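Just below is one structure, and these are the notes that go with it.
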Amino acid sequence: MVLLAMTFAFTANSDEPTEEKSALSFNTSDIGKELLDTLADSYELRFQEYRSGRSGPARLLEINRELYEQQRESVAADQRLIVAEQFLARAKEINAIAEIHLKHGTGTRMDLLDTRASQLRATIELENVAAL
54 MVLLAMTFAF
64 TANSDEPTEE
74 KSALSFNTSD
84 IGKELLDTLA
94 DSYELRFQEY
104 RSGRSGPARL
114 LEINRELYEQ
124 QRESVAADQR
134 LIVAEQFLAR
144 AKEINAIAEI
154 HLKHGTGTRM
164 DLLDTRASQL
174 RATIELENVA
184 AL
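Letter by letter, the sequence shown follows residues 54 to 185 in the numbering used here.
Dropping the structure here:
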């Protein structure tokens, strides 16, 4: 239980806006901006549900990917690295929670494998963007 509480404290800081987030400039239509906002809100709510053990990671992983893809398409080329770094940071947080859930018997090995695979895909994506 202490480990779970420590994770909550660790991940609580990630909900605060970072300088990198505020530095992003999205070049998209009003509908595109609304979609970005909706995906970001959806991600935050699903993240809170998953962190508290009220849902599994599957939909959260999908939303993380959707948010990344939409952000990547909406920023200038020089900001794509920041977007990819944020995608990886979110994937790492999700995976860390999956590890804790598994240790406490509230998650499954399959959830952990899914979140780990997502983190690895995000790592590869970051490497690909950095190579451009």
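Ideal placement from N, C-alpha and C gives every residue a C-beta, glycine not left out. This one's a predicted model, so the numbers in the text were calculated from it and none came from an experiment.
Check whether the Cβ atoms of residue i and residue j lie closer than 7 Å to each other.
i	j	result
Gly40	Ala151	Residue 40 lies beyond the range of the chain shown here (54 to 185); nothing can be said about it.
Gln124	Val136	yes
Leu114	Arg99	no
Leu120	Tyr96	yes
Leu155	Leu165	yes
Phe140	Ala93	no
Among the options, whose alpha-carbon lies nearest the alpha-carbon of residue i?
i	options	result
Ala142	Thr168, Gly158, Asp164	Thr168
Arg104	Leu185, Thr176, His157	His157
Ser180	Glu138, Arg162, Ala144	Reading off the sequence, residue 180 comes out as Glu, not Ser. Closest by alpha carbon: Glu138.
Ala144	Arg133, Arg162, Glu178	Glu178
Below 8 Å on the Cβ atoms is my guess for residue i versus residue j; work out the distance and round it to an integer in Å.
i	j	result
Ser171	Ile153	That belief does not hold up - the Cβ atoms of Ser171 and Ile153 are roughly 16 Å apart, past 8 Å.
Arg133	Val182	5 Å
Classify residue i as helix, strand or coil using the three-state DSSP reduction.
i	result
Ser67	The predicted position of Ser67 is uncertain, since its pLDDT is 48 and thus under 50; a value taken from the coordinates is nonetheless stated next. Here Ser67 sits in helix by DSSP.
Glu73	Legend: pLDDT at Glu73 = 46, less than 50; position of this residue unreliable, value from coordinates given subsequently. The answer is helix: DSSP assigns Glu73 an H, G or I state.
message: For the stretch 74–89 against the stretch 126–134, do three or more pairs of beta-carbon atoms, one drawn from each stretch, fall closer than 8 Å, so that the two count as touching?
response: yes
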